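Novice: In my numbering, the protein residues as written are 60 to 379. Glycine included, each C-beta is placed from N, C-alpha and C at the ideal position. Note that the structure is a prediction, hence the values are computed from the model and not measured.
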Amino acid sequence: MKRSIVTGGAGFIGSNLVRRLLAEGHQVEVIDNLVTGNRANLEDLGHHVELHQVNICDFEAILPIVAGADRVFHLAALPSVPKSIANPVPSHEFNINGTFSVYRAAAEGRVKRLVYAASSSAYGDTEILPKVETMAPRPKSPYAVQKLLGEYYASVFHECFGLETVSLRFFNVFGPRQDPNSVYSGVLSLFMKCLIERKAPVIYGDGEQSRDFTFVEDVASLLIKAAETPGVAGRVFNAGNGNRYTLNETWGLLQKIEGVSIPAGYGPPRNGDVRHSQADTTAAVRDLGHAPQYSFEEGLRATLDWYKKDHERRLALVSA
Ligand SMILES: NC(=O)c1ccc[n+]([C@@H]2O[C@H](COP(=O)([O-])OP(=O)(O)OC[C@H]3O[C@@H](n4cnc5c(N)ncnc54)[C@H](O)[C@@H]3O)[C@@H](O)[C@H]2O)c1
Numbered sequence: 060m061k062r063s064i065v066t067g068g069a070g071f072i073g074s075n076l077v078r079r080l081l082a083e084g085h086q087v088e089v090i091d092n093l094v095t096g097n098r099a100n101l102e103d104l105g106h107h108v109e110l111h112q113v114n115i116c117d118f119e120a121i122l123p124i125v126a127g128a129d130r131v132f133h134l135a136a137l138p139s140v141p142k143s144i145a146n147p148v149p150s151h152e153f154n155i156n157g158t159f160s161v162y163r164a165a166a167e168g169r170v171k172r173l174v175y176a177a178s179s180s181a182y183g184d185t186e187i188l189p190k191v192e193t194m195a196p197r198p199k200s201p202y203a204v205q206k207l208l209g210e211y212y213a214s215v216f217h218e219c220f221g222l223e224t225v226s227l228r229f230f231n232v233f234g235p236r237q238d239p240n241s242v243y244s245g246v247l248s249l250f251m252k253c254l255i256e257r258k259a260p261v262i263y264g265d266g267e268q269s270r271d272f273t274f275v276e277d278v279a280s281l282l283i284k285a286a287e288t289p290g291v292a293g294r295v296f297n298a299g300n301g302n303r304y305t306l307n308e309t310w311g312l313l314q315k316i317e318g319v320s321i322p323a324g325y326g327p328p329r330n331g332d333v334r335h336s337q338a339d340t341t342a343a344v345r346d347l348g349h350a351p352q353y354s355f356e357e358g359l360r361a362t363l364d365w366y367k368k369d370h371e372r373r374l375a376l377v378s379a
């Protein structure tokens, strides 16, 4: 049985990945300090997953957990562009120093492979779409720089210390368990909450900015492929879907699915936001066997379904 460690495993993407790893027969342990994650994301898994409530910056604490693991999926981070601008110190500390600490523990602990959650924000605004891995990065925010540095360190740990690493540049990931309760939450989780509560979302800018929305199940599949495929250590891959939808189109599609009409409100554009985002998935398809299974609409329907059930569950808890 393979032993896999998921840093950030109590968060949105991490908790979905944990479920997939368990389904594939891995022994799974999570390192998470619950700064943005939530124990409830793992609650139904009971004793099948062990949660170590530890800060990844604490090298001495994470070394014994990580040592000897077959796989480390490094997803722990403060994952927000606006948060990194409003308050850059904690995101620098966690995303750079924490990442270094995880790589160091994985190298010293002789981990067989580490997969890193990189970010499409590294591209910044490019003239050319889709964005391909060979383009020069142009980060526009502290968060984007931090995530890019994590990629550089991943390939350097491979070159210099023999740790097998693969970086996946996630585009906009959406799906069940994405926290909609912060101003820094991902746009689709906020849209879901607004739709269920029949409230108008606030779109920052004119809504014509576009994103390559990727369903979390497809991301979990790719993370596992990146961990298992031989001959790809040291490399960086786009992990998007290859499509793009504007925020206006997306809110329109959600209203259509739900059969409602709720015009969005608009606010000023946000500093650090990229205008358009779309992945060239050629390398991931060719070299990792990336094969997204969900169309955008299928992903939206599955996600909305989950948020509705979660909403009902919360209402039942309050009235109990
Ligand atoms: N969601 C996206 O669209 C997206 C896009 C690009 C990249 N990413 C990357 O994917 C990863 C997961 O993102 P997510 O959307 O699931 O976010 P999330 O906030 O739901 O998950 C991050 C998890 O990391 C944990 N964490 C943060 N700092 C920590 C620390 N110092 N020590 C231990 N645990 C810590 C949090 O508690 C949380 O559970 C992040 O690395 C993020 O940068 C996400």
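#1: Assuming the contact rule is C-beta atoms closer than 8 Å, Y202 and V140 should be a hit. Round their C-beta distance to whole Å, please.
#2: DSSP three-state call for G331: helix, strand or coil?
#3: Less than 8 Å between the CB of K206 and some heavy atom of ligand 1, yes or no?
#4: If you count every other CB in all the chains shown that lies within 10 Å of the CB of G324, and 16 or more means buried, which is it?
#5: Should S320 go down as buried or exposed, given a rule of 16 or more other Cβ atoms within 10 Å for buried?
#6: Do you know how far the Cα of A298 is from the Cα of T340?
#7: Give a yes or no on whether the C-beta atoms belonging to N97 and D238 are separated by under 9 Å.
#8: Taking the C-alpha atoms as reference points, what is the distance between G266 and G348?
#9: Is any heavy atom in ligand 1 found nearer than 8 Å to the beta carbon of Q237?
#10: So C443 and G157 are in contact, right, with Cβ under 8 Å, and what is the actual spacing, rounded?
#11: In whole angstroms, give me the CA-to-CA distance for E287 and V344.
#12: Would you decide whether L254 is buried or exposed? Buried here means 16 or more other CB atoms lie within 10 Å of its CB.
#13: What residue range does the beta strand (DSSP E) around T273 cover?
#14: Return the bridge partner residues of A177 from the DSSP annotation.
#15: Spatial neighbours of N100 within its chain, please: C-beta separation below 6 Å, excluding the five flanking residues on both sides.
#16: Bridge partners for K211 per DSSP, in chain order?
Specialist: According to the structure data:
#1: On the sequence shown, position 143 is the one that residue 202 refers to. On the sequence shown, position 81 is the one that residue 140 refers to. Contact flag correct, Cβ pair sits at about 5 Å.
#2: Working through the sequence shown from its first residue, we reach residue 331 at position 272. DSSP places G331 in the coil class of the three-state scheme, outside both helix and strand.
#3: Here the question's residue 206 lines up with position 147 in the sequence shown. K206: yes, Cβ under 8 Å from ligand 1.
#4: Residue 324 sits at position 265 when you count from the first residue of the sequence shown. G324 comes out exposed.
#5: Here residue 320 refers to the residue found at position 261 when the sequence shown is read from its first residue. Counting Cβ neighbours within 10 Å, S320 comes out exposed, since fewer than 16 surround it.
#6: Walking along the sequence shown from the start, residue 340 turns up at place 281. Walking along the sequence shown from the start, residue 298 turns up at place 239. Their Cα atoms are separated by approximately 7 Å.
#7: Sequence index remark: in the sequence shown, residue 97 carries index 38 (1-based). Sequence index remark: in the sequence shown, residue 238 carries index 179 (1-based). Closer than 9 Å, so yes.
#8: Looking up residue 266 in the sequence shown gives position 207. Looking up residue 348 in the sequence shown gives position 289. The alpha-carbon atoms of G266 and G348 are separated by roughly 33 Å.
#9: The sequence position of residue 237 within the sequence shown is 178, counting from 1. Indeed, a heavy atom of ligand 1 lies less than 8 Å from the Cβ.
#10: With the chain covering only 60 through 379, there is no way to say anything about residue 443.
#11: Residue 287 sits at position 228 when you count from the first residue of the sequence shown. Residue 344 sits at position 285 when you count from the first residue of the sequence shown. Whole-angstrom Cα-Cα distance: 14 Å.
#12: Here residue 254 is taken as the residue at index 195 of the sequence shown, counted from 1. Buried: at least 16 other Cβ atoms inside 10 Å.
#13: What you label residue 273 is simply residue 214 of the sequence shown in a count that begins at 1. Segment 272–274, the beta strand (DSSP E) holding T273.
#14: Looking up residue 177 in the sequence shown gives position 118. As DSSP reads the structure, A177 sits in a beta bridge with R228.
#15: Counting from one through the sequence shown, the residue named residue 100 turns up at place 41. These residues qualify, in order along the chain: A69, S74, R236.
#16: Translated into the one-based positions of the sequence shown, residue 211 becomes position 152. The identity of residue 211 in the sequence shown is Tyr, whereas the question assumes Lys. Beta-bridge partners of Y211 (DSSP): none assigned.
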